[in-house]
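Written out below as structure tokens is the structure these notes cover.
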Amino acid sequence: MFKRILLAVDGSEHALLAADVACDLAARYEARLIILSVAKPVGKMSVAARDYIQAEHLAGAPSYLLTDLARAALADVDGRARAKGLTNVKTVVREGNPARRIVEYAKEHDIDLIALGSRGLGDLEGLLLGSVSHKVATLAHCTVITAK
Numbered sequence: 620m621f622k623r624i625l626l627a628v629d630g631s632e633h634a635l636l637a638a639d640v641a642c643d644l645a646a647r648y649e650a651r652l653i654i655l656s657v658a659k660p661v662g663k664m665s666v667a668a669r670d671y672i673q674a675e676h677l678a679g680a681p682s683y684l685l686t687d688l689a690r691a692a693l694a695d696v697d698g699r700a701r702a703k704g705l706t707n708v709k710t711v712v713r714e715g716n717p718a719r720r721i722v723e724y725a726k727e728h729d730i731d732l733i734a735l736g737s738r739g740l741g742d743l744e745g746l747l748l749g750s751v752s753h754k755v756a757t758l759a760h761c762t763v764i765t766a767k
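Numbering (our numbering), first residue to last: 620 to 767.
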């Protein structure tokens with residue numbers, strides 16, 4: 620049923636719940652698991668990223684730093700997937716609007732299922748502008764599972 624599963628992660632608790640669901644489905648269907656993290660443009664970073672930058676006394680928010688934060692989220696979930704016995708796993712980092720990049724990646728790579736958390740690190744933005752999970756569910760061409 621599912622050959623390619625895209626798991627979108629941002630380091631949030633709900634993303635970790637989505638990871639559990641995606642890993643279970645990937646194992647069950649012997650599907651390829653692609654773990655994607657999207658680094659927001661510098662002007663639109665999450666509160667957690669801003670807090671990290673301030674705590675580390677980093678000047679500005681260079682794009683490589685945001686990409687490093689995205690890679691850290693990927694590394695955690697990749698380790699979880701491999702610990703569950705999954706071997707057909709790929710990690711990807713993109714920059715830009717998270718919902719758009721997730722949907723674009725899914726379409727370009729013929730993804731059968733997208734899994735993501737119902738709420739990510741940008742909860743305030745989600746309340747004001749609509750959540751990433753809602754946008755992905757609306758725009759995606761394939762099945763979307765949101766974990767709570």
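Beta carbons: idealized from backbone N, C-alpha and C, even for Gly.
Of the listed residues the options, nearest to residue i (C-alpha basis)
i: residue 716; options: 752, 635 and 636; result: 752
i: residue 709; options: 764, 636, 656 and 761; result: 656
i: residue 648; options: 707, 658 and 636; result: 707
i: residue 712; options: 621, 698, 731 and 724; result: 724
i: residue 659; options: 689, 636 and 697; result: 689
i: residue 621; options: 761, 696, 704 and 718; result: 761
i: residue 693; options: 766, 630, 763 and 703; result: 630
Close-in-space but distant-in-sequence residues of the same chain around residue i (CB under 6 Å, 5 per side omitted)
i: residue 632; result: none
i: residue 721; result: 627 and 755
i: residue 758; result: 722
Bridge-paired residues (DSSP) for residue i
i: residue 625; result: 653 and 733
i: residue 765; result: 735
i: residue 658; result: 714
Cut-off 7 Å between Cβ atoms - residues of its own chain near residue i, not counting five sequence neighbours on either side
i: residue 641; result: 624, 626, 652 and 734
i: residue 729; result: 623
i: residue 726; result: 760
Exposure label - residue i; buried when at least 16 CB within 10 Å
i: residue 643; result: exposed
i: residue 650; result: buried
i: residue 691; result: exposed
Cβ of residue i within 9 Å of any chain D Cβ
i: residue 628; result: Among the chains in the structure shown there is no chain D, since it carries only a single protein chain.
Sequence-distant residues of the same chain with beta carbon closer than 8 Å to residue i, five excluded per side
i: residue 636; result: 736, 766 and 767
Which ranges would you report for the beta strand (DSSP E) in the region 678 to 732 if only whole runs of at least 3 residues count? 708 to 714
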